[in-house]
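Following: one structure in structure tokens, then a few remarks.
Number of protein chains: 2
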Amino acid sequence: MKAVLQKEFGPAEALYVGAAPTPTPGPGQVLVQVVTTSVNRPDIVQREGNYPPPQGDSNVLGLEVAGTVADVGEGVDDLKGGERVMGLVGGGAYAEFAVAWAEHLMPVPDSMTWAEAACVCETYITAHLNLFQFPGLEDGQSALLHGGGGGVNTAAIHLCRALVPASPLYVTASEHKLERVAALGATHVIDYRANEFSEVIKELTQGRGVDVILDHIGAAYLASNLKSLATNGTLVLIGVMGGVKAELNLAQLMVRRQKIAGSVLRPRPPKEKGQIIAKFAAQVLNLLNDRRIVPLVDEIFPLEEVSRAHQLMESSGHFGKIVLQVDSGLDVH
Amino acid sequence: MKAVLQKEFGPAEALYVGAAPTPTPGPGQVLVQVVTTSVNRPDIVQREGNYPPPQGDSNVLGLEVAGTVADVGEGVDDLKGGERVMGLVGGGAYAEFAVAWAEHLMPVPDSMTWAEAACVCETYITAHLNLFQFPGLEDGQSALLHGGGGGVNTAAIHLCRALVPASPLYVTASEHKLERVAALGATHVIDYRANEFSEVIKELTQGRGVDVILDHIGAAYLASNLKSLATNGTLVLIGVMGGVKAELNLAQLMVRRQKIAGSVLRPRPPKEKGQIIAKFAAQVLNLLNDRRIVPLVDEIFPLEEVSRAHQLMESSGHFGKIVLQVDSGLDVH
Numbered sequence: 438m439k440a441v442l443q444k445e446f447g448p449a450e451a452l453y454v455g456a457a458p459t460p461t462p463g464p465g466q467v468l469v470q471v472v473t474t475s476v477n478r479p480d481i482v483q484r485e486g487n488y489p490p491p492q493g494d495s496n497v498l499g500l501e502v503a504g505t506v507a508d509v510g511e512g513v514d515d516l517k518g519g520e521r522v523m524g525l526v527g528g529g530a531y532a533e534f535a536v537a538w539a540e541h542l543m544p545v546p547d548s549m550t551w552a553e554a555a556c557v558c559e560t561y562i563t564a565h566l567n568l569f570q571f572p573g574l575e576d577g578q579s580a581l582l583h584g585g586g587g588g589v590n591t592a593a594i595h596l597c598r599a600l601v602p603a604s605p606l607y608v609t610a611s612e613h614k615l616e617r618v619a620a621l622g623a624t625h626v627i628d629y630r631a632n633e634f635s636e637v638i639k640e641l642t643q644g645r646g647v648d649v650i651l652d653h654i655g656a657a658y659l660a661s662n663l664k665s666l667a668t669n670g671t672l673v674l675i676g677v678m679g680g681v682k683a684e685l686n687l688a689q690l691m692v693r694r695q696k697i698a699g700s701v702l703r704p705r706p707p708k709e710k711g712q713i714i715a716k717f718a719a720q721v722l723n724l725l726n727d728r729r730i731v732p733l734v735d736e737i738f739p740l741e742e743v744s745r746a747h748q749l750m751e752s753s754g755h756f757g758k759i760v761l762q763v764d765s766g767l768d769v770h
Numbered sequence: 438m439k440a441v442l443q444k445e446f447g448p449a450e451a452l453y454v455g456a457a458p459t460p461t462p463g464p465g466q467v468l469v470q471v472v473t474t475s476v477n478r479p480d481i482v483q484r485e486g487n488y489p490p491p492q493g494d495s496n497v498l499g500l501e502v503a504g505t506v507a508d509v510g511e512g513v514d515d516l517k518g519g520e521r522v523m524g525l526v527g528g529g530a531y532a533e534f535a536v537a538w539a540e541h542l543m544p545v546p547d548s549m550t551w552a553e554a555a556c557v558c559e560t561y562i563t564a565h566l567n568l569f570q571f572p573g574l575e576d577g578q579s580a581l582l583h584g585g586g587g588g589v590n591t592a593a594i595h596l597c598r599a600l601v602p603a604s605p606l607y608v609t610a611s612e613h614k615l616e617r618v619a620a621l622g623a624t625h626v627i628d629y630r631a632n633e634f635s636e637v638i639k640e641l642t643q644g645r646g647v648d649v650i651l652d653h654i655g656a657a658y659l660a661s662n663l664k665s666l667a668t669n670g671t672l673v674l675i676g677v678m679g680g681v682k683a684e685l686n687l688a689q690l691m692v693r694r695q696k697i698a699g700s701v702l703r704p705r706p707p708k709e710k711g712q713i714i715a716k717f718a719a720q721v722l723n724l725l726n727d728r729r730i731v732p733l734v735d736e737i738f739p740l741e742e743v744s745r746a747h748q749l750m751e752s753s754g755h756f757g758k759i760v761l762q763v764d765s766g767l768d769v770h
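Chains as they are written, first to last, in my numbering: chain A, 438 to 770; chain B, 438 to 770.
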């Protein structure tokens, strides 16, 4: 089969399409013929050699697939050949075929295109897990989201508007993305370069702060995030793009009854991931099918142009998801 | 009425019994004629001038009362004069009369002595809130408790043995208290002076760590606590006796999906505190009445010997709770 390969870890240009052995599904697993996949930021880190896949997973890049069932392993009775599925994989999605755990796949709603289906799993499940499964954002509670036009952030805004329509949403973005973020449903957008966001939050909330913060920056934002967090609020940390080590004031955390929760999806055991996906599917699949939530496709690249796709993500020039079309014979739009 | 007073913040010797105006219950409040109260560590910090009572609460020391209903404010219909009650107060328990919110009081189970009733509210509710209300310790999940013979820790061991009998309990204590902690129901006791506790936990759990840690030390223990915490585990911080500021490794917190939760009981709004007490009462009052949980009374001092009672707590010579007998006319044993 064809797959995206690299001779050594390095820049986007190191990626090329070559030949790799087609994987075989084990018990409980499914072989998916991949139609589309999408680029997620961890792919960049893995390409550079700093985010190895979990043991047992493919070394090929790619965390999510949309495609058809090509074969099933022992014990998988509920999926038939040719069914449209989308799901999470520990690795290997940048390829013609990928192996997924059956419980990590969902049906692709009839109303969705292949390009859209490639944009659901990694970002919407991450946002759902870290806003609605824990801490359990309730309608009317406020949230601060970082990350402008990124995949997780745009998914988080979509989910919040559908599930907690009364919640004030404060979203940071760079200046040229503010309008589009507002159009997605942010209540207030904050230009993070022009403002210290915690000052803006303080003013907008009359000093109260927000109930939930979803953050992928880490150390560089920790102090400002905790200043922006209300009493009883929760800061969920899903990335450390702004550094790893920071000083924490434990007395403040205690007196304000705040929580800091670290969270990451990929290394969780398959069973736990299956439970997370099941909760997501139960609450969100019908919203996708009804097109009350429509994943935001920024640009579609043929698999052969994977280097350009990575360059686009690295430039942060995208808004929404960057899709890779693996099967060039199908209309994915 | 008589009450414990101090002319200025300072050592235990600054405390004396003098005359103070009897408080009046407002709407929703109850005047309790105090029979017993007990010493909690925050009382020491308040005596020294570093822990002012929440706005609207008495400046007199004391966070919990056991006594009888003397008078009720407007809107309190379910409590009759003379009923035996125990409950939390924002301050003012070291006195002949104290005002409490009606929803912060519980009936004293018939089987309990007045001395025992003075030992329930602050410590058992703190332990219940921070182990069972959040994070929700389940039977079989493991916990690490610090604090040897202290009030919250002994209450935590009692609650765990009654509510999660299959949970491994690792408890740190000083050498001369290890045996008594083990007798209370700790699965493993750790002499924290002779050992780096995270090394012991690592060995005892084969590197897995524990699911929940209840900590009142703060900065000095943060790194060791996080080393001792399992993937998906929660560190609950209820004190900062070992310092306030510490470096946090956010990447580790994220990859191990760990939570740090700050928690404190006293400054919560009355309604929230009422909900916490209601959850506690629903799960624990019957265990107290059946004497499956019996609060550990270390020593009973007449109110007039309050300075000696504080000195005992400061020496850490106690094991369990230090009780103050306010009404000398009753048998409190």
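Yeah, the Cβ is synthetic: ideal placement off N, Cα and C, and Gly gets one too.
Cα-Cα separation between residue i and residue j, rounded to whole angstroms
| i | j | result |
| --- | --- | --- |
| residue 478(A) | residue 617(A) | 21 angstroms |
| residue 538(B) | residue 665(A) | 31 angstroms |
| residue 770(B) | residue 551(B) | 7 angstroms |
| residue 693(B) | residue 700(A) | 7 angstroms |
| residue 729(A) | residue 542(A) | 21 angstroms |
| residue 505(A) | residue 713(A) | 22 angstroms |
| residue 472(B) | residue 639(B) | 46 angstroms |
| residue 637(B) | residue 725(B) | 33 angstroms |
| residue 685(A) | residue 739(B) | 42 angstroms |
| residue 533(B) | residue 755(B) | 25 angstroms |
| residue 687(B) | residue 660(B) | 12 angstroms |
| residue 762(A) | residue 683(A) | 40 angstroms |
| residue 524(B) | residue 731(A) | 53 angstroms |
| residue 625(B) | residue 589(B) | 18 angstroms |
| residue 662(A) | residue 635(A) | 7 angstroms |
Residue i: first and last residue of the uninterrupted alpha helix (DSSP H) it sits in
| i | result |
| --- | --- |
| residue 720(A) | 707-726 |
| residue 561(A) | 558-565 |
| residue 483(A) | 478-484 |
| residue 702(A) | Taken as a continuous stretch (DSSP letters only), residue 702(A) belongs to no alpha helix (DSSP H), as it is neither H nor E. |
| residue 456(B) | Taken as a continuous stretch (DSSP letters only), residue 456(B) belongs to no alpha helix (DSSP H), being part of the beta strand (DSSP E) at 452-456. |
| residue 552(A) | 551-554 |
Range of the contiguous beta strand (DSSP E) that encloses residue i
| i | result |
| --- | --- |
| residue 771(A) | Given that chain A is displayed from residue 438 to residue 770, the structure contains no residue 771(A) and the question cannot be resolved. |
| residue 674(B) | 666-674 |
| residue 738(B) | 734-739 |
| residue 606(B) | 606-610 |
Closest Cα partner of residue i within the set the options
| i | options | result |
| --- | --- | --- |
| residue 606(A) | 612(A), 587(A), 621(A) | 621(A) |
| residue 449(A) | 748(A), 648(A), 564(A), 686(A) | 748(A) |
| residue 672(B) | 682(B), 655(B), 683(B) | 655(B) |
| residue 452(B) | 462(B), 481(B), 638(B), 464(B) | 481(B) |
| residue 535(A) | 559(A), 468(A), 580(A) | 468(A) |
| residue 716(A) | 581(A), 483(A), 561(A) | 561(A) |
| residue 492(A) | 707(A), 546(A), 503(A) | 707(A) |
| residue 668(B) | 675(B), 659(B), 696(B) | 696(B) |
| residue 486(B) | 589(B), 446(B), 527(B), 475(B) | 446(B) |
| residue 494(B) | 507(B), 466(B), 521(B) | 466(B) |
| residue 490(A) | 705(A), 722(A), 766(A), 746(A) | 705(A) |
Whole-Å CB distance - residue i paired with residue j, under 8 angstroms assumed
| i | j | result |
| --- | --- | --- |
| residue 530(B) | residue 499(B) | 3 angstroms |
| residue 651(A) | residue 566(A) | Between residue 566(A) and residue 651(A) the Cβ distance is about 10 angstroms, and since that is not below 8 angstroms, they are no contact. |
| residue 670(B) | residue 649(B) | 6 angstroms |
| residue 586(B) | residue 757(B) | 7 angstroms |
| residue 462(B) | residue 509(B) | 6 angstroms |
Reduced DSSP secondary structure (H/G/I, E/B, other) of residue i
| i | result |
| --- | --- |
| residue 645(A) | coil |
| residue 746(A) | helix |
| residue 616(A) | helix |
| residue 752(A) | helix |
| residue 521(A) | strand |
| residue 695(A) | coil |
| residue 533(A) | coil |
| residue 588(A) | helix |
| residue 639(A) | helix |
| residue 470(B) | strand |
| residue 398(B) | Lying outside 438 to 770, the shown extent of chain B, residue 398(B) is not represented and no answer is given. |
| residue 578(B) | coil |
| residue 594(A) | helix |
| residue 501(B) | strand |
| residue 440(A) | strand |
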